[in-house]
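Trainee: Take a look at the following structure, please.
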């Protein structure tokens, strides 16, 4: 019985160490991997919120610019609402 516990403990430690060595904390390298094809699509590896898995997302250059502009506009709207003048909600 003691030998079985020792084997199980050794196996779990070995599996844990193998799992830790296969993960990468360098997310900047994952975001730096871009692929631009002939069709104008740009693909990146991105993490979704709440997940550690990387997903490949592809957008055209035009779509990326639209998303960036929408983000800027939303940020500007949010900043305008945070004034302490008691404005409309």
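Residue numbers (the numbering used here): 481 to 569.
Think of the CB as a built atom: it goes at the ideal place given N, C-alpha and C, for glycine as much as any other residue.
Quick one: Cα of residue 551 to Cα of residue 533, how far?
Mentor: Working through the chain shown from its first residue, we reach residue 551 at position 71. Working through the chain shown from its first residue, we reach residue 533 at position 53. Rounded to whole angstroms, residue 551 to residue 533 spans 24 angstroms at the Cα level.
Trainee: Can you give me the Cβ contacts of residue 541 inside the same chain, cut-off strictly under 7 angstroms, excluding the 5 residues immediately before and after it?
Mentor: Along the chain shown, read from residue 1 onward, the residue named residue 541 stands at position 61. For residue 541, where only same-chain residues beyond five positions count, the Cβ hits under 7 angstroms are 520 and 522.
Trainee: Identify, in the order they occur along the chain, each residue of the same chain with its Cβ nearer than 7 angstroms to the Cβ of residue 531, setting aside the five sequence neighbours on each side.
Mentor: Translated into the one-based positions of the chain shown, residue 531 becomes position 51. Cβ neighbours of residue 531 beyond the five flanking positions: none.
Trainee: Grouping DSSP H, G and I as helix and E and B as strand, with all else coil, what is residue 527?
Mentor: Here the question's residue 527 lines up with position 47 in the chain shown. Note: residue 527 maps to strand in three-state DSSP.
Trainee: Bridge partners for residue 481 per DSSP, in chain order?
Mentor: Mapped onto the chain shown, residue 481 falls at position 1. Residue 481 is not bridged to any residue.
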